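Q:
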Amino acid sequence: MFSRSYFKRASLAVLCLAVCLVALLSTIGRGHAATGPFQVKVLVITMFSSETQPWLSNESLPLDYKTTGAFSDMHCNSNGLCVTTTGEEKVNAAASMMAILRDPQFSFQNTYFITAGIGGASPTNNTLGSVAWANWVVDWDQGHHLLPSTAPNVPHGYLENNKAGTGAFQLNTTLTKLAMTQTSNLKLQDSTQAQTARQKYANQANQHPSVLTCDTMAGDDYWAGQDLSNEAQYIMGLLTNNQGKYCTTEQEDTAVAGVLQRTGHLDHYLNLRAASNFDQPASGQSVQDLLGNFPGSSIAIANAYTVGSAMAHYLLTHQV
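Taken in order, the sequence shown gives residues -33 to -1, 1 to 287; the numbers are from mature numbering (1 follows the signal peptide of the UniProt record, and there is no 0).
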């Protein structure tokens, strides 16, 4: 049987353990408060896991943060580089970005934001594997899209309606020029599959991946075909006073730009899209075949990381 003194000693030990635990937790809490929110210097924005994977594979990002309402965790390192995946299409992108930017775990004072993703491309002024820095991010979905046959007097069947004020975002052209200067000479990957696909398009046979400056159009409506590609260029010109040059397509970037504008960060936003597929079929190719074929996806993912990471590391180590 246990003596009364044994129970007294056991009770005293439990009490001491409890006091020590409270003290430890109090110390940890004071340390966290003293440290404050994590300072994000560069936030890389991807849309789905294949775009994110090169960053996780090639960068050391051991710090994981969960944010309520975001599509995925934030993966960061002590240098202030973070990567997050927003989810595809505009609703996911907007919801994730707003949740992250309002999370008190982070400080976004003087943070730079880089979208680093893949997208479609116009074969008129872009090619598979090329990486484009945008000065303009324009929305396809807003406005009225009419069948040209039912509205012959309406160019491309498009009636502008930008009452919401989110149809076009002009980015910081000085920052875009800096990105172009820092990355234009990088060696990009190409592939036999992409080269074979280019052969089927006029003026594409001798094209190679490069870094360029041209503009992107976001639409949840995934369009395809030469007529719709021409309409995209028309909308780009209409909403940018003919300053924008359409060359990439995607589904998220006006949502990202809109959130950054509302939170006061648009001036620190860089938009990068690498071409994974063309926005129209080659001669003799069906639209259905086009939509099921992404001949430049592997090199686009690789090149988006090559170019995006070069600029991210520049921003981490330079005052801009």
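C-beta atoms are modelled at their ideal positions from N, C-alpha and C, and glycine is treated no differently. Model, not experiment: these values are computed from the prediction.
Taking just the CA atoms, how far does Thr78 sit from His232?
A: Position 265 of the sequence shown holds residue 232. Position 111 of the sequence shown holds residue 78. Their Cα atoms are separated by approximately 8 Å.
Q: Using only alpha-carbon positions, find the residue among Val9, Ala135, Pro90 and Ser196 that is nearest to Gln171.
A: Residue numbering aside, residue 171 sits at position 204 when the sequence shown is read from its first letter. Checking every option, the nearest Cα to that of Gln171 belongs to Pro90.
Q: Among all the DSSP beta bridges, which residues are the ones paired with Met41?
A: Residue numbering aside, residue 41 sits at position 74 when the sequence shown is read from its first letter. Tyr32 and Thr51.
Q: Count the other CB atoms within 10 Å of the CB of Asp246; is the residue buried (16 or more) or exposed (fewer)?
A: On the sequence shown, residue 246 is found 279 positions in, with the first residue counted as 1. Asp246 is buried by the Cβ-count criterion.
Q: Apply the 10 Å Cβ neighbour rule to Asn120 and answer buried if 16 or more other Cβ atoms are within range, or exposed otherwise.
A: Numbered from 1 along the sequence shown, position 153 holds the residue referred to as residue 120. Looking at its Cβ environment, which holds fewer than 16 other Cβ atoms inside 10 Å, Asn120 is exposed.
Q: When the Cα atoms are used, what is the spatial distance from Val9 to Ala269?
A: Working through the sequence shown from its first residue, we reach residue 9 at position 42. Working through the sequence shown from its first residue, we reach residue 269 at position 302. Roughly 19 Å separates the two Cα atoms.
Q: Figure out for me which residue from Thr140, Ser265, Asp40 and Asn238 has the closest Cα to the Cα of Gln156.
A: As a first step, residue 156 is located in the sequence shown; it is residue number 189 there, counting from the start. Per the Cα distances, Ser265.
Q: Taking DSSP as the reference, what is the three-state secondary structure of Gln160?
A: Within the sequence shown, the letter at position 193 stands for residue 160. Three-state result, Gln160: helix.
Q: DSSP on residue 293, reduced to helix/strand/coil?
A: The requested residue 293 does not occur in the structure, where the chain is confined to residues -33 to 287.
Q: Quick check on this structure: which residue in Ala267, Leu23 and Val105 has the alpha carbon closest to the alpha carbon of Lys57?
A: Taking the first residue of the sequence shown as position 1, residue 57 is located at position 90. The residue with the shortest Cα to Cα distance from Lys57 is Val105.
Q: Determine contact between the region 55 to 69 and the region 217 to 228, defined as no fewer than three beta-carbon pairs at a distance below 8 Å.
A: At 8 Å Cβ cutoff, the stretches touch.
Q: Taking DSSP's pairing of strands, which residues face Thr82 in a bridge?
A: Residue 82 sits at position 115 when you count from the first residue of the sequence shown. According to DSSP, which records beta bridges pairwise, Thr82 is partnered with Ile12 and Asn238.
Q: Cutting at 8 Å between CB atoms, please list the residues of its own chain near Ala(-11), excluding the five before and the five after it.
A: For the purposes of this step, residue -11 is identified with residue 23 of the sequence shown, where counting begins at 1. Residue placement at Ala(-11) is flagged as unreliable, the pLDDT there being 39, under the threshold of 50; the coordinate-derived value follows with that caveat. No residues qualify anywhere along the chain.
Q: Can you list the beta strand (DSSP E) stretches of 3 or more residues lying completely in the region 121 to 150, in chain order?
A: Counting only runs of 3 or more, we get 135 to 137.
Q: Going by C-alpha distance, which of Ser250, Thr273 and Thr53 is nearest Gly192?
A: Residue 192 sits at position 225 when you count from the first residue of the sequence shown. When only C-alpha atoms are compared, the closest one is Ser250.
Q: Going by alpha carbons, who is nearest to Leu283 out of Cys49, Gln218 and Pro4?
A: Your numbering for residue 283 matches position 316 in the sequence shown. The shortest C-alpha separation from Leu283 is found at Cys49.
Q: With distances taken Cα to Cα, identify the nearest neighbour of Glu219 among Ser27, Ala61 and Gln20.
A: Here residue 219 refers to the residue found at position 252 of the sequence shown. Closest by alpha carbon: Ala61.
Q: Alpha carbon to alpha carbon, how far is Glu26 from Asn197?
A: Sequence index remark: in the sequence shown, residue 26 carries index 59 (1-based). Sequence index remark: in the sequence shown, residue 197 carries index 230 (1-based). Whole-angstrom Cα-Cα distance: 39 Å.
Q: Report all residues from its chain with a CB closer than 6 Å to the CB of Gln200; omit the five preceding and five following residues, and keep chain order.
A: Translated into positions along the sequence shown, residue 200 becomes position 233. Excluding positions up to five away in sequence, the list reads Tyr213.
Q: With a CB to CB cut of under 8 Å and the five nearest residues on each side skipped, what residues in its chain are close to Ser74?
A: The residue you call residue 74 lines up with position 107 of the sequence shown. The residues are Gly3, Pro4, Phe5, Gln6 and Val7.
Q: Rounded to a whole number of angstroms, what is the C-alpha to C-alpha distance between Asn128 and Ile202?
A: Here the question's residue 128 lines up with position 161 in the sequence shown. Here the question's residue 202 lines up with position 235 in the sequence shown. Computed Cα separation, rounded: 11 Å.
Q: Hey, how far is the Cα of Ser151 from the Cα of Leu179?
A: Residue 151 sits at position 184 when you count from the first residue of the sequence shown. Residue 179 sits at position 212 when you count from the first residue of the sequence shown. Spanning the two alpha carbons is a distance of roughly 7 Å.
Q: Going by DSSP, what residues sit across from Ser74 in a beta bridge?
A: Reading the sequence shown from its first residue, position 107 is the one you call residue 74. Beta-bridge pairing links Ser74 to Gln6.
Q: Enumerate in chain order the residues of its own chain whose CB-to-CB distance from Thr143 is below 6 Å, with the five nearest sequence positions on each side excluded.
A: Within the sequence shown, the letter at position 176 stands for residue 143. Same-chain partners within the cutoff: Trp100 and Asn102.
Q: Relative to the C-alpha of Glu18, which candidate in Tyr281, Gln286 and Val274 has its C-alpha closest?
A: The residue labelled residue 18 in the question sits at position 51 within the sequence shown. The residue with the shortest Cα to Cα distance from Glu18 is Val274.
Q: Rounded to whole angstroms, what's the CA-CA distance from Gly47 to Gln72? Just pull it up for me.
A: For the purposes of this step, residue 47 is taken as the residue at position 80 of the sequence shown. For the purposes of this step, residue 72 is taken as the residue at position 105 of the sequence shown. C-alpha separation (whole angstroms): 13 Å.
Q: So, is Ala267 buried or exposed, given that buried needs 16 or more other C-beta atoms within 10 angstroms?
A: Within the sequence shown, numbered from 1, the residue matching residue 267 stands at position 300. Ala267 is buried by the Cβ-count criterion.
Q: By Cβ distance, which residues of its chain are closer than 8 Å to Gly211, with the 5 residues on each side in sequence left out?
A: As a working mapping, residue 211 is identified with position 244 in the sequence shown. Asn102, Trp103, Val105, Ala135, Asp182, Met203 and Gly204, listed in sequence order.
Q: From the DSSP output, in three-state form, read off Leu227 for me.
A: Counting from 1 along the sequence shown, the entry for residue 227 is found at position 260. Residue state, collapsed to three classes: helix.
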